[in-house]
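Step one of this worksheet: look at the structure below.
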Amino acid sequence: MSNLQNEVDTLARAFAARSQSPAALTQCPDSDLLFEAASGALDHGRRMKIVDHVTQCAECAMAWRLAMDLGARPTARANNSWTPRLALAASVVVAAGLAAHFLIPVKDQQPQYRQPADSSAPTSLTAEKLARDRFLLQWSAGPAGSSYTLRLSTTQLAPLFFEQDITTSRFLVPASVLTNVESGQQLLWQVEIRLPDGRRVVSDTYLVTPD
Amino acid sequence: MRRVCPKSLAQEAEDLVQESLIRLFTARKLGSDNQVSAGYLKKVAYSAVVDEIRRRRRRPATDSACDFEIEAAPDMTSTPAPDTLLGNALETCLQRLQVDRQRALTLHLLGYSGTEVAGILGCNLKRAENLTLRGLAQLREYLHEMGMWP
Numbered sequence: 537m538s539n540l541q542n543e544v545d546t547l548a549r550a551f552a553a554r555s556q557s558p559a560a561l562t563q564c565p566d567s568d569l570l571f572e573a574a575s576g577a578l579d580h581g582r583r584m585k586i587v588d589h590v591t592q593c594a595e596c597a598m599a600w601r602l603a604m605d606l607g608a609r610p611t612a613r614a615n616n617s618w619t620p621r622l623a624l625a626a627s628v629v630v631a632a633g634l635a636a637h638f639l640i641p642v643k644d645q646q647p648q649y650r651q652p653a654d655s656s657a658p659t660s661l662t663a664e665k666l667a668r669d670r671f672l673l674q675w676s677a678g679p680a681g682s683s684y685t686l687r688l689s690t691t692q693l694a695p696l697f698f699e700q701d702i703t704t705s706r707f708l709v710p711a712s713v714l715t716n717v718e719s720g721q722q723l724l725w726q727v728e729i730r731l732p733d734g735r736r737v738v739s740d741t742y743l744v745t746p747d
Numbered sequence: 255m256r257r258v259c260p261k262s263l264a265q266e267a268e269d270l271v272q273e274s275l276i277r278l279f280t281a282r283k284l285g286s287d288n289q290v291s292a293g294y295l296k297k298v299a300y301s302a303v304v305d306e307i308r309r310r311r312r313r314p315a316t317d318s319a320c321d322f323e324i325e326a327a328p329d330m331t332s333t334p335a336p337d338t339l340l341g342n343a344l345e346t347c348l349q350r351l352q353v354d355r356q357r358a359l360t361l362h363l364l365g366y367s368g369t370e371v372a373g374i375l376g377c378n379l380k381r382a383e384n385l386t387l388r389g390l391a392q393l394r395e396y397l398h399e400m401g402m403w404p
């Protein structure tokens with residue numbers, strides 16, 4: 537048995553052996569009320585008042601235990617007194633958000649990204665539509681000594697093609713990769729550059745459609 | 255009744271069953287609208303046991319010795335046992351704790367598990383355990399100040 541458990545046992549024994557104040561014995565709640573409190577049927581304030589009495593009064597502690605043994609358990613609602621408060625707080629936040637959305641004028645501006653784009657990231661030099669028999673993906677070249685990893689997938693993110701250690705800034709995707717791709721179906725592609733200093737930078741994701 | 259009756263009332267279980275039945279029949283005779291559901295029977299039995307617990311506790315000290323089987327029964331005529339001394343100090347120190355910690359720790363000392371304490375206080379298990387442990391740490395300090403704890 538751990539030291540903590542020993543300590544708690546000693547304290548629990550002593551607590552049970554304490555002399556009770558006469559006041560605690562004369563203000564016991566009605567047994568029905570006690571059962572309702574144990575069941576979580578009372579509001580938080582009334583319940584805590586009874587809990588406070590139970591922690592003072594050995595006989596009511598025994599009665600509470602008996603109620604629990606008989607199946608009295610707080611319901612989920614009573615179990616979480618924070619729920620109404622959280623709901624209220626959430627309502628206030630939503631209302632404030634809607635008010636801000638509709639009332640505050642928005643200036644035309646460029647979209648703000650959480651992270652500024654890395655200037656080393658490759659950018660697409662590929663047309664939006666490509667012939668499937670010459671599906672050549674091209675991007676801006678990095679410094680000499682860079683290598684690239686190319687990923688091609690459907691818009692449902694099912695991978696179609698993956699090639700790494702490409703040493704040029706263009707790659708001809710084999711026509712066989714596009715065999716099951718319908719004409720006009722959009723695909724996603726992305727290239728990752730590995731810089732000579734070992735850093736890796738991923739490009740934006742681009743759309744391309746095979747004819 | 256036999257299953258849930260506290261140990262100290264085990265010998266009275268049959269009497270308590272009778273008492274519950276009398277209450278039930280009286281309620282029916284008086285035309286109570288309560289249906290005799292399992293929940294109602296449970297409440298009647300519960301009420302009978304709780305009344306007996308309280309009746310025994312409040313019986314005058316001149317009654318038989320078995321009246322004091324219930325834990326924490328006051329006995330002012332003899333020197334308090336060491337546990338009682340510590341218990342009384344403990345109660346004083348518990349009063350000094352923050353109310354949430356006091357509730358959680360006291361319930362823990364009364365034998366309730368962390369989950370039960372959380373259910374009673376209407377908080378989650380982590381908070382209940384946190385309140386109990388912080389309360390315990392503070393309690394140690396207070397008892398130490400009183401010279402009641404090593």
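Chains as they are written, first to last, in the numbering used here: chain A, 537 to 747; chain B, 255 to 404.
Glycine is no exception: its CB is placed at the ideal position from the N, C-alpha and C atoms.
As the structure is a prediction and not an experimental result, all values here were calculated from the model.
Where do the N-terminal and C-terminal ends of the beta strand (DSSP E) with residue 706 of chain A fall, by residue?
Here residue 706 of chain A corresponds to residue number 170 of the first sequence, with the count starting at 1. 706-709 is the span of the beta strand (DSSP E), which, as asked, contains residue 706 of chain A.
For residue 698 of chain A and residue 677 of chain A, what's the separation of their Cα atoms in angstroms?
Position 162 of the first sequence, counting from 1, holds the residue named residue 698 of chain A. Position 141 of the first sequence, counting from 1, holds the residue named residue 677 of chain A. Taking the straight line from one Cα to the other gives about 19 Å.
Which residue from B/387, B/306, B/354 and B/365 puts its Cα closest to that of residue 263 of chain B?
To locate residue 263 of chain B, count along the second sequence from 1; it is residue 9. Residue B/306 holds the alpha-carbon nearest to the alpha-carbon of residue 263 of chain B among B/387, B/306, B/354 and B/365.
Between the C-alpha atoms of residue 318 of chain B and residue 576 of chain A, what's the straight-line distance to the nearest angstrom?
In the second sequence, the residue the question calls residue 318 of chain B occupies position 64. In the first sequence, the residue the question calls residue 576 of chain A occupies position 40. Below a pLDDT of 50, predicted positions are generally treated as unreliable, and residue 318 of chain B, at 45, falls in that range; the measurement from the model is reported next regardless. Their Cα atoms are separated by approximately 38 Å.
Nearest to residue 663 of chain A by alpha carbon, out of A/605, A/655, A/723 and A/654?
For this step, residue 663 of chain A is matched to residue 127 along the first sequence. Looking at the Cα atoms, A/723 is the closest of the given residues.
Between the C-alpha atoms of residue 729 of chain A and residue 693 of chain A, what's the straight-line distance to the nearest angstrom?
Looking up residue 729 of chain A in the first sequence gives position 193. Looking up residue 693 of chain A in the first sequence gives position 157. Rounded to the nearest angstrom, the two C-alpha atoms are 21 Å apart.
Might you give, ordered along the chain, the residues of its own chain that have their beta carbon closer than 6 Å to the beta carbon of residue 272 of chain B, omitting 5 neighbours on each side?
Counting from 1 along the second sequence, the entry for residue 272 of chain B is found at position 18. Nothing meets the Cβ criterion.
Might you give, ordered along the chain, the residues of its own chain that have their beta carbon closer than 8 Å to the beta carbon of residue 270 of chain B, omitting 5 neighbours on each side?
Your numbering for residue 270 of chain B matches position 16 in the second sequence. If we look at residue 270 of chain B and ignore the five residues flanking it on each side, its Cβ neighbours are 255, 259, 263, 299, 302, 303 and 306.
Chain A contacts from the stretch 262-285 of chain B (Cβ-Cβ distance under 9 Å)
Only those residues of the stretch 262-285 of chain B whose C-beta falls short of 9 Å from the nearest C-beta of chain A are listed: 262.
Residue 544 of chain A and residue 657 of chain A closer than 7 Å at C-beta:
The residue given as residue 544 of chain A occupies position 8 in the first sequence. The residue given as residue 657 of chain A occupies position 121 in the first sequence. The beta carbons of residue 544 of chain A and residue 657 of chain A sit no closer together than 7 Å.
Of all the beta strand (DSSP E) runs that stay within the bounds of the stretch 347-381 of chain B, which reach a length of 3 or more residues?
Listed in chain order, nothing qualifies, since the stretch 347-381 of chain B has no complete beta strand (DSSP E) run of 3 or more residues.
Which chain A residues sit within Cβ distance under 8 Å of residue 365 of chain B?
On the second sequence, residue 365 of chain B is found 111 positions in, with the first residue counted as 1. Those are 548 and 601, listed as they occur along chain A.
Counting contacts by CB-CB distance shorter than 7 Å, is residue 295 of chain B in contact with chain A?
For the purposes of this step, residue 295 of chain B is identified with residue 41 of the second sequence, where counting begins at 1. By this cut-off, residue 295 of chain B is not an interface position.
What number of angstroms, rounded off, separates the C-alpha of residue 396 of chain B from the C-alpha of residue 375 of chain B?
For the purposes of this step, residue 396 of chain B is identified with residue 142 of the second sequence, where counting begins at 1. For the purposes of this step, residue 375 of chain B is identified with residue 121 of the second sequence, where counting begins at 1. Going from the Cα of residue 396 of chain B to the Cα of residue 375 of chain B covers about 24 Å.
Please check if any C-beta of chain B sits within less than 7 Å of the C-beta of residue 595 of chain A.
Taking the first sequence and counting its residues from 1, the one referred to as residue 595 of chain A is at position 59. Residue 595 of chain A has a beta carbon lying within less than 7 Å of a beta carbon in chain B.
Beta-carbon gap between residue 686 of chain A and residue 707 of chain A smaller than 7 Å
As a working mapping, residue 686 of chain A is identified with position 150 in the first sequence. As a working mapping, residue 707 of chain A is identified with position 171 in the first sequence. Yes, they are a contact pair.
Runs of beta strand (DSSP E) lying entirely within the stretch 544-604 of chain A, each at least 3 residues, in chain order:
The stretch 544-604 of chain A contains no whole beta strand (DSSP E) run of 3 or more residues.
Below 8 Å, can you find three or more Cβ-Cβ pairs linking the stretch 624-633 of chain A to the stretch 707-718 of chain A?
Contact check between the stretch 624-633 of chain A and the stretch 707-718 of chain A: fewer than three CB pairs, one atom from each, fall below 8 Å, which does not count as touching.
What's the C-alpha gap between residue 387 of chain B and residue 348 of chain B?
Taking the second sequence and counting its residues from 1, one reaches residue 387 of chain B at position 133. Taking the second sequence and counting its residues from 1, one reaches residue 348 of chain B at position 94. Near 13 Å, if we compare the C-alpha coordinates of residue 348 of chain B and residue 387 of chain B.
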